[in-house]
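Heads up, the thing below is written out as structure tokens.
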Amino acid sequence: MSRLLFTIAARTSGWQLYEGEHGRSWFEHLGDARENAKLLAATLHEHHGIPTAVVMDMGRESVLLARHG
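The opening position of the sequence shown corresponds to residue 0 in numbering that gives the first Met the number 0, with each subsequent residue numbered one higher.
Shown next as structure tokens:
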């Protein structure tokens, strides 16, 4: 089973959280985006066994923040 990525990306006035390729939520503060992404990823893996990861889009690179499964 492929890993579902939750990606946090900087936007003009906040942070966009993507679930796979789809925009899910927008946050004003980075901490709120990280907290929400980590909770979603952990819960999805815990309840449904889906491998997940949370990554931060840094332009040319991505940084892994959390991984489940």
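Built from N, CA and C at the ideal position, the CB exists for glycine as well. The structure presented is a predicted model; accordingly, all values stated were derived computationally and were not measured.
Delimiting residues of the alpha helix (DSSP H) encompassing residue i
| i | result |
| --- | --- |
| histidine 87 | Because the chain spans 0 through 68 in this model, residue 87 falls outside it and cannot be assessed. |
Identity of the residues DSSP links to residue i by a beta bridge
| i | result |
| --- | --- |
| alanine 65 | Val53 |
| alanine 8 | Gln15 |
| histidine 46 | DSSP, once it has assigned bridges, lists no residue as partnering histidine 46. |
C-alpha gap between residue i and residue j, whole angstroms
| i | j | result |
| --- | --- | --- |
| methionine 0 | threonine 42 | 17 Å |
| tryptophan 14 | leucine 63 | 16 Å |
| arginine 59 | isoleucine 7 | 14 Å |
| glycine 68 | tryptophan 25 | 26 Å |
| arginine 2 | methionine 55 | 15 Å |
| arginine 66 | glycine 19 | 14 Å |
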